[in-house]
Amino acid sequence: MQAWQVHENGEPGEVMRLADVETPTPGDGQVLLKVRAANINFPDVLMCRGHYQVRPPLPFTPGVEICGETEDGRRVLANPALPYGGFAEYAVADAAALLPAPESLDDAEAAALHIGYQTGWFGLHRRAGIEAGETLLVHAAAGGVGSAAVQLGKAAGATVIGVVGGADKAAVARELGCDVVIDRRAEDVVAAVKEATGGRGADVIYDPVGGDAYTQSTKVVAFEGRIVVVGFASGTIPSPGLNHALVKNYSILGLHWGLYNTKNPKLVQHCHEQLTELAARGAIKPLVSERVPLTEAAAAVQRVGDGVTTGRVAVVPTLGKGAAA
């Protein structure tokens, strides 16, 4: 089969190599899946660079989120078991963790429903306890993680403020349903949030960026507000001033979604049922901005790493083999 492999750490566009390799053999409790679509996540970029908390042995195939097909023809969502990741024609995954792909979504959309939307649902509902009528601020609102949080916030009845970088991303954020869109390159984020909220600030802040975005969050979080720390796409990990959290009465909540797979997998199943129902009634629909063939995966992963994409980019191995985009 064909698979992308990383033999040394570095930028994805430089270190990912497409090769003909043996089809992987599933281990105990694993299944072989034909990859129908593999969604690109920022952790794929970090793993290529050697900066992720999980460092698979070299060589490895990136791709942590797929819509795949079982040998008996079922369409499922899975997190491939590295080093046999999803940027390949076949991957392996733990059988117990497979989730049925929603019928209302195509392969690329289904692949994109998994990590980003699970993270959003756990962050907003399980960790922050968001309520209808509250104000949600989402950093990087046009990105893969942010776009999921925007849709889930709207579905929960929140007023959503989206922060983006650039006019093109601002247009995407508006299409996603943001009530207020702030272009951090053209506006003062803190002043704009205060103006939009009448000086009150945001009840829940969803931050996959870190760095300056986190600093801005601490200045606009409302009384008894919650800042959900999801990731550090900026490359800078903040050092919170806990005295500030004390005097302003706000909470800083960490979210590592992957822990639920081992600590409480029943919650992951429950979340998937909620997401499937929301997708079926059209309340959420993953924004897949690009579908690329397997041969273009490295360049697509690099674009995600460079921060120039919106929504999700999906690698579809059948593209270029008689399938339509």
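Okay, so the sequence shown: first residue is 1 according to full-length UniProt numbering, each after it adds one.
Each residue gets a CB set at the ideal place from its N, CA and C atoms; glycine is no exception.
Residue i versus the options, residue with shortest Cα-Cα distance
i    : options                   : result
G50  : A91, V6 and V21           : V6
G116 : S104, V64 and G162        : V64
V204 : V92, D168, N264 and A149  : A149
V230 : G211, A245 and A222       : G211
S217 : G235, V292 and S251       : S251
G129 : A283, G235, T236 and E224 : E224
L246 : E290, T119 and R226       : R226
A279 : A110, G165 and P317       : A110
A213 : R184, E22 and L319        : R184
M47  : V304, V316, T309 and L319 : V304
V35  : A167, G73, A132 and Y260  : G73
For residue i, three-class secondary structure by DSSP
i           : result
G162        : strand
G322        : With a pLDDT of 49 at G322, under the threshold of 50, the modelled position of this residue cannot be trusted, and the question is left open.
I130        : coil
M1          : coil
G258        : helix
R52         : Inspection of the sequence shows that residue 52 is occupied by Tyr rather than by Arg. In the structure shown, Y52 sits in coil (DSSP, three-state: anything other than H, G, I, E or B).
A222        : strand
C271        : helix
T61         : strand
E14         : helix
E22         : coil
residue 334 : Nothing about residue 334 can be reported from this structure: the residues present for the chain run from 1 to 325 only.
Same chain only: Cβ atoms within 8 Å of residue i, ignoring 5 sequence neighbours per side
i    : result
V220 : L137, V189, V190, V193, K194, T197, G201, A202 and I205
P59  : Q5, V6, H7 and P83
Sequence-distant residues of the same chain with beta carbon closer than 7 Å to residue i, five excluded per side
i    : result
D44  : P62, G63, V64 and V301
N249 : F223 and E224
G254 : V229
I237 : G210
A101 : C67, R75, V76, L77 and A110
L18  : Q2, W4 and T295
Same chain only: Cβ atoms within 6 Å of residue i, ignoring 5 sequence neighbours per side
i           : result
L176        : S147 and V150
A96         : none
residue 326 : Nothing can be reported for residue 326, as the shown portion of the chain is limited to 1 through 325.
Any non-hydrogen atom of the ligand GDP within 7 Å of residue i CB
i   : result
P26 : What this structure holds is no ligand at all, so the ligand GDP is not there to describe.
Next on the checklist: For the region 110-126 against the region 183-201, do three or more pairs of beta-carbon atoms, one drawn from each stretch, fall closer than 8 Å, so that the two count as touching?
Outcome noted: no
Next on the checklist: Please give the ranges of any beta strand (DSSP E) in the region 81-162, keeping only runs that are unbroken, at least 3 residues long and fully inside the region.
Outcome noted: 90-94 and 135-139
Item to check | Every unbroken alpha helix (DSSP H) within the region 280-308, with a cutoff of 4 residues, ordered by chain | outcome: 297-306
Checklist entry - Do three or more CB pairs link the region 285-303 to the region 254-274 at distances below 8 Å? => result no
Checklist entry - What residue ranges within the region 162-209 form continuous alpha helix (DSSP H) runs of no fewer than 4 residues, ordered along the chain? => result 167-176 and 189-196
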